[in-house]
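There are 2 protein chains.
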Amino acid sequence: MTTIDDVARAAGVSVSTVSYALSGKRPISAPTRARVERAVRELGYRPHAGARALASQRTNVLALMAPLRVDVNVGVIMQFVTGVVTRARDFEHDVLLLTQDDLAGVDRVAAGSMVDALIMMDVEAEDPRLPLLRRQKQPAVLIGLPRDPQGLSCVDLDFEAAARLAVDHLADLGHRQIALVGSPHLVLERRTTYAQRMVHGFTTETARRGIAGLFVPCESSHAGAVDAVDRVFDQLPDVTALIVHNEVALPAVLATLRERGKEVPRDISVVAVCPEDVAVGQPQPLTAVDIPAMTIGSVAVDMAAARLDGDHPAETRLLSPVLTGRESSGPAPA
Amino acid sequence: MTTIDDVARAAGVSVSTVSYALSGKRPISAPTRARVERAVRELGYRPHAGARALASQRTNVLALMAPLRVDVNVGVIMQFVTGVVTRARDFEHDVLLLTQDDLAGVDRVAAGSMVDALIMMDVEAEDPRLPLLRRQKQPAVLIGLPRDPQGLSCVDLDFEAAARLAVDHLADLGHRQIALVGSPHLVLERRTTYAQRMVHGFTTETARRGIAGLFVPCESSHAGAVDAVDRVFDQLPDVTALIVHNEVALPAVLATLRERGKEVPRDISVVAVCPEDVAVGQPQPLTAVDIPAMTIGSVAVDMAAARLDGDHPAETRLLSPVLTGRESSGPAPA
DNA sequence: CTGGTGCGTCGAAGCGCTTCGATGACATTA
DNA sequence: TAATGTCATCGAAGCGCTTCGACGCACCAG
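Protein chains in written order, with numbering that gives the first Met the number 0: chain A, 0 to 333; chain B, 0 to 333.
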């Protein structure tokens with residue numbers, strides 16, 4: 000292994016000069032720096048990460064805790080992860096991957112000084128990881144919105160605003176009876192809060208605009224989708240628009256509409272709330288509010304970075320939703 | 000931060016005794032060990048990962064390079080990753096996640112002593128990472144089979160055997176005209192070698208058994224599937240069985256068969272080569288050769304571990320395929 | 001009673017780096 | 001010409017741990 004000593008010797012300077020030449024934390028004359036750089040190149044020198052971490056109290060590694068179950072939302076998770084890893088590199092950081100259920104991992108990597116900061120995906124309202132995180136010296140960024148974010152940074156899509164946006168889009172097209180086909184019961188009850196936030200935004204906005212709004216949960220399966228659609232027509236027979244916030248059930252919802260003889264958007268408009276690629280990947284490109292998973296991941300890294308090299312306090316950032324009109328929404332039928 | 004010094008002081012022993020008590024590398028009397036453990040618990044002591052790495056030349060971290068693109072095979076990738084991360088914990092290791100395209104990452108984490116070993120997914124025949132890997136001191140494990148594995152461990156499903164297994168299953172059921180609906184052109188041409196291995200196994204086994212075998216590539220889209228099925232019926236009109244080795248196109252292939260008036264398995268048998276959950280998740284449970292992604296991931300870790308604490312040389316392990324009969328295969332029509 | 005043998009423990013070196021204070025060379029000002 | 005300041009570089013301490021050799025003690029055989 001070639002060490003900083005080897006480089007110093009080769010360049011004919013002291014070890015500290017090499018260090019400063021490479022870090023730029025003190026001025027080094029151009030010729031000296033050139034000699035150092037040359038030696039580095041010729042010897043193929045790489046600083047030893049552990050030694051550096053020991054001396055500098057910085058590891059240049061981020062922990063990312065991700066739900067590694069093999070479930071249906073895998074696409075979105077992957078996008079988050081990609082966003083985090085990619086952006087981390089912009090800050091010269093690598094990413095250590097932990098599984099969601101590895102509670103002990105929080106202590107292991109944080110108390111063990113393996114990482115500079117932690118990013119947690121899929122945060123629930125009363126997430127058991129929060130107390131662990133709060134007692135670490137490293138900053139943490141949550142993707143999602145717990146009930147009490149005290150001391151922790153959070154980032155997520157503003158789902159309330161997303162619901163409003165979707166409702167407004169449809170209301171402006173003349174729709175007066177709108178249904179929200181949402182998350183499965185389980186998700187609504189005890190998990191991440193985005194489902195509740197979505198419903199809340201939907202309810203208040205329909206109320207505000209004097210529109211008939213119906214919310215039906217929807218299990219993530221074909222049968223669940225059929226069931227949900229049937230419940231909608233049952234309870235709101237004159238419905239003219241659907242907001243679908245369930246990526247998995249989306250294709251089945253669309254198929255069911257077709258089976259029921261409803262043409263989109265002539266008979267009924269559909270606004271999806273899902274990642275863009277899902278919206279455009281359907282048989283018919285869908286008007287949709289984008290869930291920018293990758294962006295959220297990279298913002299999470301930005302927030303972690305901000306807290307690392309600065310006194311930046313914890314903050315909560317809700318990303319403004321964007322609605323893109325495509326072929327699935329149109330004027331309400333007369 | 001509490002250090003090993005604090006623990007030593009609290010337990011009334013020397014630093015080295017604490018170290019030995021915790022690592023077990025030298026005998027420590029029971030009472031002393033108890034005092035040390037008590038101090039550790041009371042102080043909440045965690046060894047500093049960097050210091051430990053510096054002194055011991057071990058990081059207890061594995062690098063995993065994964066294709067983080069958001070493509071269709073995301074499910075399998077997730078399973079690999081899960082297998083790796085989970086198994087790594089059994090060996091007291093954490094996982095550092097790199098993206099496939101981060102070539103520089105290999106040097107960064109290996110030469111920089113950030114990891115004890117590297118695992119690379121999705122290895123191509125002439126993978127540009129191989130030369131980089133060979134010059135590192137850390138062992139590497141490849142998931143996939145490059146043309147020249149010299150010095151590197153490899154693990155993958157034995158796709159040749161998988162093809163044979165599928166052919167034999169069908170041949171034993173009396174089928175004499177079998178088509179393989181495979182990977183897209185792109186994959187076949189320049190990428191991971193599993194596609195070629197599959198085709199090779201298929202070709203030789205059909206030949207050996209005197210069966211008419213037709214291979215058609217298949218793009219990973221609905222249109223691609225339709226096209227592939229049409230080509231099959233075009234070039235092999237009396238075909239009675241399909242082997243489908245394209246997870247993405249699978250549903251579309253099935254749908255197309257139905258549209259063409261072919262009932263499975265009455266008119267035509269289908270054997271899939273895909274992860275189990277995909278096979279059973281279809282409208283009709285499919286007879287399939289499992290692609291055990293998670294197992295492959297965990298075997299990769301086992302191989303890395305073996306090379307770490309032992310003189311184990313590099314080896315190549317091909318996992319024996321397993322075929323599970325379900326409802327999509329039956330006797331050839333008379 | 002002596003010399004040898006283990007066992008349990010200690011002290012110190014060293015892993016490779018960062019960083020602080022000190023130093024020397026040189027230019028600037030009074 | 002001496003005092004002052006600036007800039008580039010050096011030396012050494014120290015980050016927290018592992019590990020090697022040494023040491024003291026109890027025990028046993030001779």
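A virtual CB, placed ideally from N, CA and C, is assigned to each residue, including glycine.
For Met302 (chain A) and Asp229 (chain A), the gap between their C-alpha atoms comes out near 43 Å.
Distance from the CA of Pro274 (chain B) to the CA of His311 (chain B), rounded to the nearest whole angstrom, comes to 30 Å. Residues of the segment 25-50 of chain B that bring their beta carbon within less than 8 Å of a beta carbon in chain A comprise Gly43, Arg45, Pro46, His47, Ala48, Gly49, Ala50, in sequence order. Using a Cβ-Cβ cut-off of 8 Å, Met120 (chain B) does not count as an interface residue toward chain A, since no Cβ of chain A sits closer than that to its own. Against chain A, the beta carbon of Thr323 (chain B) has no neighbour under 8 Å; the closest one sits roughly 18 Å away. Taking all protein chains shown into account, Ser297 (chain A) has 16 or more neighbouring C-beta atoms within 10 Å of its C-beta and is therefore buried. For Cys153 (chain B), DSSP records a beta bridge to B:Leu141, B:Thr315. Against chain A, the beta carbon of Ala162 (chain B) has no neighbour under 8 Å; the closest one sits roughly 25 Å away. Here Pro330 (chain A) is exposed. Its C-beta has fewer than 16 other C-beta atoms within 10 Å.
DSSP, reduced to helix, strand and coil, places Glu326 (chain A) outside both helices and strands of the structure shown, so it counts as coil. Against chain B, the beta carbon of Gly296 (chain A) has no neighbour under 8 Å; the closest one sits roughly 11 Å away. In the DSSP assignment, the residues bridged to Gln176 (chain A) are A:Ala211. Check the Cα spacing between Lys136 (chain B) and each of B:Asp106, B:His184, B:Met0: the tightest is with B:Asp106. Contact annotation: in the segment 86-98 of chain A, residues whose CB is within less than 8 Å of a CB in chain B are Arg88, Asp93, Val94, Leu95, Leu96, Leu97, Thr98. Counting the other CB atoms within 10 Å of its CB gives Ala251 (chain A) a total of 16 or more, which places it among the buried residues.
Taking C-beta atoms as the reference points, Asp5 (chain B) and Leu42 (chain B) count as a pair closer than 8 Å. Using a Cβ-Cβ cut-off of 7 Å, Ser112 (chain A) is close to His47, Ala48, Gly49 of chain B, given in chain order.
Within the segment 52-69 of chain A, Ala52, Leu53, Thr58, Val60, Leu63, Leu67, Arg68, Val69 place their CB atoms closer than 8 Å to a CB of chain B, listed in sequence order. Looking at the DSSP output, Ala240 (chain B) bridges to B:Ile177, B:Ser268. Under the three-state reduction of DSSP output, Thr286 (chain B) falls in the strand class. Straight-line measurement puts the Cα of Phe79 (chain A) at about 23 Å from the Cα of Arg86 (chain B). At a cut-off of 8 Å, the C-beta of Thr81 (chain A) has a neighbouring C-beta in chain B. The Cβ atoms of Ala139 (chain B) and Met119 (chain B) lie closer than 8 Å to each other. Under the DSSP assignment, Met119 (chain A) falls in the beta strand (DSSP E) whose first and last residues are 116-119. Taking all protein chains in view, the Cβ of Val94 (chain B) is crowded by 16 or more other Cβ atoms within 10 Å, so the residue is classified as buried. Of all alpha-carbon atoms in A:Leu63, A:Leu187, A:Val83, A:Leu241, the one lying nearest the alpha-carbon of Thr286 (chain A) is that of A:Leu241. CA-CA distance, Pro264 (chain A) to Pro332 (chain A), rounds to 9 Å. CA-CA distance, Val288 (chain B) to Ala254 (chain A), rounds to 30 Å. Met77 (chain B) is bridged by DSSP to nothing; it lacks a bridge partner. It is roughly 11 Å from the alpha-carbon of Leu117 (chain B) to the alpha-carbon of Ala304 (chain B). Contact note: Val215 (chain B) does not reach chain A at a C-beta cutoff of 8 Å; the least C-beta distance is about 24 Å. For Thr294 (chain B), the uninterrupted alpha helix (DSSP H) run begins and ends at 292-307, by DSSP. Beyond the five residues adjoining it in sequence on each side, Glu91 (chain A) comes within less than 7 Å, by CB distance, of Asn59 in the same chain, given in chain order. A straight-line Cα-Cα distance of about 15 Å links Ala162 (chain A) and Arg175 (chain A).
Cβ atoms of Arg34 (chain B) and Ala10 (chain B) come within 8 Å of each other, at about 4 Å. DSSP places Ala124 (chain B) outside both helix and strand once states are collapsed to three, so it counts as coil.
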